[in-house]
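**Student:**
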Amino acid sequence: MFQLIRTLILLLIVVLVIRRIAKIGLSLWAGFAAAKTRPSASSEQADIGSQPNAMSLVLDPVCGTYVGIDASLKRIVNGKVIHFCSPECRDQYAA
Ligand SMILES: [Zn+2]
């Protein structure tokens, strides 16, 4: 009877240890997979490719200044988006 209990406890310990190892292995694998996908050349190139797009400059037709597309004032004229550096330029274009 004692031996059965001892065997059961041993089995439990073994199962617990295996589960712990599996958990560590899984987290290690997940970390490895994340580290592998993040600095990959293709994703980095995609980042570089998308960044100038977000930071791209547009010409203000009134004063001829290039403005960041995010910072510019936008106005839709005849279905085209016109970008301005300032409200003054925007008002001048409308006039
Ligand atoms: Zn301007």
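Residue numbering for the sequence shown follows my numbering, starting at 3 and increasing by one per position.
Cβ atoms here follow ideal geometry from the backbone N, Cα and C, with glycine treated the same way.
Starting from the C-beta of Cys99, find all residues in its chain whose C-beta is less than 6 Å away, skip the five residues before and the five after it, and write them out in chain order.
**Tutor:** Residue coverage of the chain in this structure runs from 3 to 97, which leaves residue 99 outside it and unanswerable.
**Student:** Can you tell me which residues fall inside 6 Å of ligand 1, judged by beta-carbon distance to its nearest heavy atom, and keep chain order?
**Tutor:** Working through the chain, the matches are Asp62, Val64, Cys65, Thr67, Phe86, Cys87, Ser88 and Cys91.
**Student:** Looking only at DSSP bridge pairs, what is Tyr68 linked to?
**Tutor:** Paired residues: Leu61.
**Student:** Could you give the distance in angstroms between the alpha-carbon of Ser74 and the alpha-carbon of Gln94?
**Tutor:** Looking at the two C-alpha atoms, the distance is approximately 15 Å.
**Student:** What separation, rounded to the nearest whole angstrom, lies between the Cα atoms of Asn80 and Ala97?
**Tutor:** Each residue's Cα considered, the two are about 15 Å apart.
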